[in-house]
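To convert, note that position 107 of the sequence shown is 107 in the working numbering; the numbers rise steadily by one, no gaps. Using N, Cα and C, we set each Cβ at its ideal position, and we do this for glycine too.
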Amino acid sequence: MSISVKPDRIFFCLTSGRSGTTYLSSLIRNNIAEITCKHEPQPDGFGKALLWHQQGELAKVANRFKKKCWRINNCGTQAYIETNHAFLKTFSDLAIEAYPDLKLFHLMRDPLKVARSEANRELDADRIHFPMRRLKLPNGTTSFRWSFTGLEPIFKQCPLENMSLFQFYVLQWIEVENRAMHFLDRHDKHGDCFNIHTPIDFNDPDKVEALLRFMDLPRKKPNADAPSKGGNQNHNLTPTVITDTDEAEFQEVIAATPGSYLEIFHKAPYDAFPWADILRCGGSAEAEFSA
(Lines of atoms letter the chains of each structure in order from A and count residues from 1; the text may use other names and numbers.)
(Lines give C-alpha, C1' and ligand atoms only; values in the text may rest on other atoms or scores of the structure.)
Protein backbone atom coordinates (compact mmCIF):
# COMPACT_ATOMS: atom_id res chain seq x y z
CA MET A 1 0.00 0.00 0.00
CA SER A 2 1.54 3.31 -1.04
CA ILE A 3 0.35 6.21 1.11
CA SER A 4 1.62 9.79 1.19
CA VAL A 5 1.69 10.80 4.86
CA LYS A 6 0.68 14.39 5.60
CA PRO A 7 0.90 14.66 9.43
CA ASP A 8 4.42 14.58 10.90
CA ARG A 9 3.36 12.37 13.82
CA ILE A 10 0.79 9.57 14.00
CA PHE A 11 -0.22 7.78 17.21
CA PHE A 12 -2.43 4.73 17.81
CA CYS A 13 -3.28 2.67 20.90
CA LEU A 14 -2.48 -0.88 21.95
CA THR A 15 -5.26 -1.69 24.37
CA SER A 16 -8.48 -3.43 25.27
CA GLY A 17 -11.76 -1.59 25.60
CA ARG A 18 -12.70 -0.02 28.93
CA SER A 19 -9.07 0.93 29.60
CA GLY A 20 -9.06 4.72 29.49
CA THR A 21 -8.95 5.60 25.80
CA THR A 22 -11.69 8.25 26.14
CA TYR A 23 -9.85 9.90 29.02
CA LEU A 24 -6.54 9.73 27.11
CA SER A 25 -8.15 11.53 24.18
CA SER A 26 -9.36 14.40 26.35
CA LEU A 27 -6.04 14.55 28.23
CA ILE A 28 -4.15 14.98 24.97
CA ARG A 29 -6.58 17.56 23.58
CA ASN A 30 -6.36 19.57 26.80
CA ASN A 31 -2.57 19.74 26.66
CA ILE A 32 -1.31 19.48 23.07
CA ALA A 33 -1.82 22.23 20.49
CA GLU A 34 -2.51 22.00 16.76
CA ILE A 35 -3.48 18.33 16.60
CA THR A 36 -6.24 16.07 15.35
CA CYS A 37 -7.18 13.74 18.20
CA LYS A 38 -10.06 11.30 17.64
CA HIS A 39 -11.54 8.63 19.89
CA GLU A 40 -13.57 6.41 17.54
CA PRO A 41 -13.61 8.14 14.14
CA GLN A 42 -15.30 6.74 11.06
CA PRO A 43 -14.46 4.56 9.32
CA ASP A 44 -13.61 2.49 12.38
CA GLY A 45 -12.18 -1.00 12.79
CA PHE A 46 -15.18 -2.55 14.50
CA GLY A 47 -18.27 -4.39 13.29
CA LYS A 48 -17.81 -6.11 9.94
CA ALA A 49 -14.09 -5.28 9.93
CA LEU A 50 -13.64 -7.57 12.96
CA LEU A 51 -15.32 -10.44 11.14
CA TRP A 52 -13.41 -9.78 7.91
CA HIS A 53 -10.14 -9.86 9.82
CA GLN A 54 -11.02 -13.08 11.62
CA GLN A 55 -12.18 -14.73 8.39
CA GLY A 56 -9.05 -13.69 6.49
CA GLU A 57 -10.90 -11.32 4.16
CA LEU A 58 -8.07 -8.83 4.43
CA ALA A 59 -8.78 -7.05 1.15
CA LYS A 60 -12.06 -5.82 2.64
CA VAL A 61 -10.25 -4.59 5.75
CA ALA A 62 -7.68 -2.85 3.54
CA ASN A 63 -10.39 -1.08 1.54
CA ARG A 64 -11.89 0.31 4.73
CA PHE A 65 -8.46 1.28 6.03
CA LYS A 66 -7.69 3.22 2.83
CA LYS A 67 -10.61 5.50 3.69
CA LYS A 68 -9.14 6.02 7.15
CA CYS A 69 -5.77 6.84 5.57
CA TRP A 70 -7.37 9.50 3.39
CA ARG A 71 -8.85 11.17 6.46
CA ILE A 72 -5.56 10.93 8.36
CA ASN A 73 -3.53 12.35 5.48
CA ASN A 74 -5.96 15.23 5.02
CA CYS A 75 -6.46 16.08 8.69
CA GLY A 76 -4.53 19.33 8.22
CA THR A 77 -2.55 19.23 11.47
CA GLN A 78 0.99 18.35 12.50
CA ALA A 79 -0.12 15.24 14.38
CA TYR A 80 -2.94 12.70 14.22
CA ILE A 81 -3.85 10.71 17.34
CA GLU A 82 -6.46 7.95 17.46
CA THR A 83 -7.41 6.47 20.83
CA ASN A 84 -9.53 3.32 20.65
CA HIS A 85 -9.16 -0.45 20.89
CA ALA A 86 -9.60 -1.32 17.19
CA PHE A 87 -5.91 -1.11 16.21
CA LEU A 88 -4.87 -4.58 17.39
CA LYS A 89 -8.20 -6.14 16.49
CA THR A 90 -8.26 -5.28 12.79
CA PHE A 91 -5.78 -2.90 11.18
CA SER A 92 -2.38 -2.92 12.95
CA ASP A 93 -0.55 -4.63 10.06
CA LEU A 94 -2.03 -2.18 7.56
CA ALA A 95 -1.16 0.79 9.76
CA ILE A 96 2.50 -0.14 10.21
CA GLU A 97 2.81 -0.61 6.44
CA ALA A 98 1.24 2.77 5.71
CA TYR A 99 2.90 4.62 8.60
CA PRO A 100 6.16 2.85 9.58
CA ASP A 101 7.14 5.70 11.92
CA LEU A 102 3.91 5.56 13.92
CA LYS A 103 4.07 5.76 17.70
CA LEU A 104 1.94 3.97 20.25
CA PHE A 105 0.30 4.21 23.65
CA HIS A 106 -0.07 0.90 25.46
CA LEU A 107 -2.90 1.24 28.00
CA MET A 108 -3.09 -1.58 30.55
CA ARG A 109 -5.74 -2.02 33.23
CA ASP A 110 -6.43 -4.75 35.81
CA PRO A 111 -7.92 -7.55 33.64
CA LEU A 112 -10.70 -8.38 36.11
CA LYS A 113 -11.91 -4.78 35.92
CA VAL A 114 -11.57 -4.70 32.14
CA ALA A 115 -13.54 -7.93 31.72
CA ARG A 116 -16.28 -6.94 34.17
CA SER A 117 -16.59 -3.48 32.63
CA GLU A 118 -16.72 -4.87 29.07
CA ALA A 119 -19.32 -7.46 30.07
CA ASN A 120 -21.40 -4.75 31.76
CA ARG A 121 -21.13 -2.57 28.66
CA GLU A 122 -22.50 -5.34 26.45
CA LEU A 123 -25.29 -6.23 28.90
CA ASP A 124 -26.26 -2.56 29.25
CA ALA A 125 -26.35 -2.11 25.46
CA ASP A 126 -28.60 -5.13 25.07
CA ARG A 127 -30.88 -3.99 27.88
CA ILE A 128 -31.47 -0.55 26.33
CA HIS A 129 -31.55 -1.99 22.78
CA PHE A 130 -28.61 0.13 21.60
CA PRO A 131 -28.83 0.31 17.79
CA MET A 132 -26.46 -1.61 15.50
CA ARG A 133 -24.88 -3.37 18.48
CA ARG A 134 -24.96 -6.89 17.05
CA LEU A 135 -22.97 -8.47 14.21
CA LYS A 136 -24.32 -11.60 12.52
CA LEU A 137 -21.73 -14.39 12.28
CA PRO A 138 -21.40 -17.19 9.69
CA ASN A 139 -22.43 -19.82 12.26
CA GLY A 140 -25.79 -18.13 12.80
CA THR A 141 -24.92 -16.52 16.16
CA THR A 142 -24.12 -12.88 16.81
CA SER A 143 -21.31 -10.97 18.47
CA PHE A 144 -21.10 -7.54 20.08
CA ARG A 145 -20.04 -4.96 17.51
CA TRP A 146 -16.98 -3.82 19.50
CA SER A 147 -15.70 -7.23 20.66
CA PHE A 148 -13.97 -10.20 19.09
CA THR A 149 -16.28 -12.58 17.28
CA GLY A 150 -15.53 -15.57 19.53
CA LEU A 151 -14.27 -17.47 16.48
CA GLU A 152 -10.64 -16.49 17.12
CA PRO A 153 -8.25 -19.38 17.97
CA ILE A 154 -7.88 -18.52 21.66
CA PHE A 155 -11.56 -19.29 22.29
CA LYS A 156 -11.13 -22.75 20.78
CA GLN A 157 -7.92 -23.44 22.69
CA CYS A 158 -9.41 -22.75 26.13
CA PRO A 159 -11.89 -25.55 26.89
CA LEU A 160 -14.35 -23.81 29.20
CA GLU A 161 -17.77 -25.38 29.57
CA ASN A 162 -20.61 -22.83 29.53
CA MET A 163 -18.24 -19.87 29.24
CA SER A 164 -19.72 -16.76 30.87
CA LEU A 165 -19.66 -13.35 29.21
CA PHE A 166 -17.15 -12.23 31.84
CA GLN A 167 -14.85 -15.15 30.94
CA PHE A 168 -15.18 -14.31 27.25
CA TYR A 169 -13.82 -10.86 27.98
CA VAL A 170 -10.99 -12.22 30.12
CA LEU A 171 -9.86 -14.29 27.13
CA GLN A 172 -10.25 -11.29 24.86
CA TRP A 173 -8.01 -9.26 27.18
CA ILE A 174 -5.34 -12.00 27.16
CA GLU A 175 -5.49 -12.17 23.35
CA VAL A 176 -5.19 -8.40 22.98
CA GLU A 177 -2.16 -8.21 25.28
CA ASN A 178 -0.48 -11.03 23.36
CA ARG A 179 -1.13 -9.19 20.12
CA ALA A 180 0.38 -6.05 21.65
CA MET A 181 3.62 -7.78 22.61
CA HIS A 182 3.89 -9.63 19.31
CA PHE A 183 3.32 -6.41 17.39
CA LEU A 184 6.01 -4.55 19.34
CA ASP A 185 8.47 -7.44 18.97
CA ARG A 186 7.78 -8.05 15.29
CA HIS A 187 8.17 -4.41 14.29
CA ASP A 188 10.83 -3.42 16.85
CA LYS A 189 8.52 -0.77 18.27
CA HIS A 190 9.16 -0.99 22.01
CA GLY A 191 11.09 2.28 21.86
CA ASP A 192 8.17 4.00 20.12
CA CYS A 193 5.60 2.88 22.69
CA PHE A 194 4.59 4.64 25.92
CA ASN A 195 3.17 2.35 28.62
CA ILE A 196 0.24 3.62 30.68
CA HIS A 197 -1.12 1.74 33.70
CA THR A 198 -4.69 2.96 33.96
CA PRO A 199 -6.21 4.64 35.83
CA ILE A 200 -3.25 4.98 38.21
CA ASP A 201 -0.89 6.75 35.82
CA PHE A 202 -3.51 9.29 34.82
CA ASN A 203 -3.52 10.50 38.44
CA ASP A 204 0.27 10.86 38.56
CA PRO A 205 1.39 14.32 37.29
CA ASP A 206 4.94 13.07 36.67
CA LYS A 207 3.68 10.18 34.54
CA VAL A 208 1.37 12.49 32.60
CA GLU A 209 4.24 14.88 32.01
CA ALA A 210 6.37 11.98 30.74
CA LEU A 211 3.56 10.97 28.39
CA LEU A 212 3.37 14.49 26.95
CA ARG A 213 7.15 14.66 26.55
CA PHE A 214 6.99 11.34 24.68
CA MET A 215 4.65 12.97 22.17
CA ASP A 216 7.17 15.79 21.60
CA LEU A 217 4.55 18.21 20.30
CA PRO A 218 3.83 21.88 21.12
CA ARG A 219 1.83 22.44 24.30
CA LYS A 220 -1.23 24.61 24.70
CA LYS A 221 0.27 26.03 27.92
CA PRO A 222 4.05 25.55 27.62
CA ASN A 223 4.77 27.48 30.81
CA ALA A 224 2.18 25.77 33.01
CA ASP A 225 3.37 24.36 36.33
CA ALA A 226 1.57 21.07 35.72
CA PRO A 227 -0.28 19.40 32.83
CA SER A 228 -4.02 19.90 32.52
CA LYS A 229 -6.10 16.88 33.46
CA GLY A 230 -8.36 15.00 31.10
CA GLY A 231 -12.08 15.51 31.30
CA ASN A 232 -14.23 12.89 29.66
CA GLN A 233 -14.67 9.45 31.20
CA ASN A 234 -16.73 6.86 29.36
CA HIS A 235 -18.77 5.52 32.27
CA ASN A 236 -20.97 2.42 32.04
CA LEU A 237 -24.56 2.48 33.17
CA THR A 238 -23.64 -0.38 35.53
CA PRO A 239 -20.68 0.27 37.88
CA THR A 240 -17.67 -2.05 37.75
CA VAL A 241 -17.77 -4.22 40.88
CA ILE A 242 -15.69 -7.40 41.09
CA THR A 243 -17.57 -10.24 42.79
CA ASP A 244 -16.40 -13.53 44.30
CA THR A 245 -17.92 -15.25 41.27
CA ASP A 246 -15.84 -13.09 38.94
CA GLU A 247 -12.66 -13.99 40.82
CA ALA A 248 -13.49 -17.71 40.69
CA GLU A 249 -14.33 -17.54 36.98
CA PHE A 250 -11.11 -15.66 36.31
CA GLN A 251 -9.12 -18.45 37.94
CA GLU A 252 -10.95 -20.98 35.77
CA VAL A 253 -9.87 -19.08 32.66
CA ILE A 254 -6.24 -18.91 33.75
CA ALA A 255 -6.19 -22.63 34.53
CA ALA A 256 -7.60 -23.44 31.08
CA THR A 257 -5.48 -20.99 29.07
CA PRO A 258 -2.46 -22.45 27.24
CA GLY A 259 0.77 -21.45 28.91
CA SER A 260 2.03 -19.86 25.70
CA TYR A 261 -0.55 -17.09 26.16
CA LEU A 262 0.56 -16.41 29.73
CA GLU A 263 4.33 -16.16 29.16
CA ILE A 264 4.22 -12.43 28.49
CA PHE A 265 2.96 -11.71 32.00
CA HIS A 266 6.28 -12.85 33.49
CA LYS A 267 8.05 -9.97 31.74
CA ALA A 268 7.97 -6.19 31.49
CA PRO A 269 5.81 -4.21 31.51
CA TYR A 270 3.39 -6.58 33.27
CA ASP A 271 5.78 -7.75 35.99
CA ALA A 272 5.49 -4.32 37.63
CA PHE A 273 1.76 -4.63 38.24
CA PRO A 274 0.35 -6.41 41.34
CA TRP A 275 -2.53 -7.93 39.37
CA ALA A 276 -0.12 -9.76 37.07
CA ASP A 277 0.64 -12.28 39.83
CA ILE A 278 -2.67 -14.05 39.21
CA LEU A 279 -1.76 -14.49 35.54
CA ARG A 280 1.48 -16.35 36.26
CA CYS A 281 0.05 -19.39 38.00
CA GLY A 282 -1.72 -21.91 35.87
CA GLY A 283 -1.89 -22.54 32.18
CA SER A 284 -2.98 -25.66 30.32
CA ALA A 285 -1.21 -27.51 27.53
CA GLU A 286 0.73 -25.39 25.05
CA ALA A 287 -0.94 -23.96 21.97
CA GLU A 288 0.50 -21.90 19.18
CA PHE A 289 -0.35 -18.20 19.43
CA SER A 290 -1.99 -16.76 16.34
CA ALA A 291 -2.83 -13.10 15.84
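Asked	Found
Which residues share a DSSP beta bridge with Thr-21?	Thr-21 pairs with nothing; no bridge assigned.
Pick helix, strand or coil for Thr-245, following the three-state DSSP scheme.	helix
State the DSSP-derived secondary structure class of Thr-90, mapped to helix, strand or coil.	helix
Evaluate Gln-233 with the Cβ neighbour count: other Cβ atoms within 10 Å of its Cβ, from every protein chain shown; 16 or more gives buried, anything less gives exposed.	exposed
Going by C-alpha distance, which of Ile-72, Lys-60, Asp-8, His-53 is nearest Lys-38?	Ile-72
For Pro-199, does the three-state DSSP call read helix, strand or coil?	coil
So who's on the other strand from Arg-134, going by DSSP bridges?	Phe-144
Evaluate Met-132 with the Cβ neighbour count: other Cβ atoms within 10 Å of its Cβ, from every protein chain shown; 16 or more gives buried, anything less gives exposed.	exposed
Among Met-108, Lys-221, Phe-144, which has the Cα closest to the Cα of Trp-173?	Met-108
So what does DSSP say about Cys-193, is it helix, strand or coil?	strand
Identify the continuous beta strand (DSSP E) that holds Met-163 and give its terminal residues.	From DSSP, Met-163 is part of no beta strand (DSSP E); its letter is neither H nor E.
Please report how far the alpha carbon of Lys-66 lies from the alpha carbon of Phe-91, in whole angstroms.	11 Å
Ser-16 and His-85 look like a contact to me (Cβ under 8 Å); what is the Cβ gap, rounded to whole Å?	6 Å
Kindly list the residues whose CB is nearer than 6 Å to the CB of Pro-43, restricted to its own chain and excluding five residues on each side of it in sequence; keep chain order.	Arg-64, Lys-67, Lys-68
Mind checking which residues open and close the alpha helix (DSSP H) that includes Leu-50?	48–55
Which first and last residues belong to the alpha helix (DSSP H) in which Ala-79 is found?	Taken as a continuous stretch (DSSP letters only), Ala-79 belongs to no alpha helix (DSSP H), being part of the beta strand (DSSP E) at 79–82.
Taking one C-beta from the stretch 46–53 and one from the stretch 144–151 each time, how about it: are there three or more such pairs within less than 8 Å?	yes
Could you check if Lys-221 is buried or exposed, using at least 16 other CB atoms within 10 Å of its CB as the buried criterion?	exposed
With a cut-off of 8 Å on the beta carbons, I'd call Tyr-169 and Val-114 a contact; round off their distance for me.	7 Å
Are the CB atoms of Ile-28 and Leu-217 within a distance shorter than 7 Å?	no
Would you identify the three-state DSSP class for Lys-267, choosing helix, strand or coil?	coil
Measuring CA to CA, which of Leu-58, Pro-100, Leu-94 is closest to Arg-9?	Pro-100
Give the single residue among Leu-14, Met-163, Phe-250 whose Cα lies nearest to the Cα of Phe-87.	Leu-14
Can you tell me whether Phe-11 is buried or exposed? The criterion is at least 16 other CB atoms within 10 Å of its CB, across all chains shown.	buried
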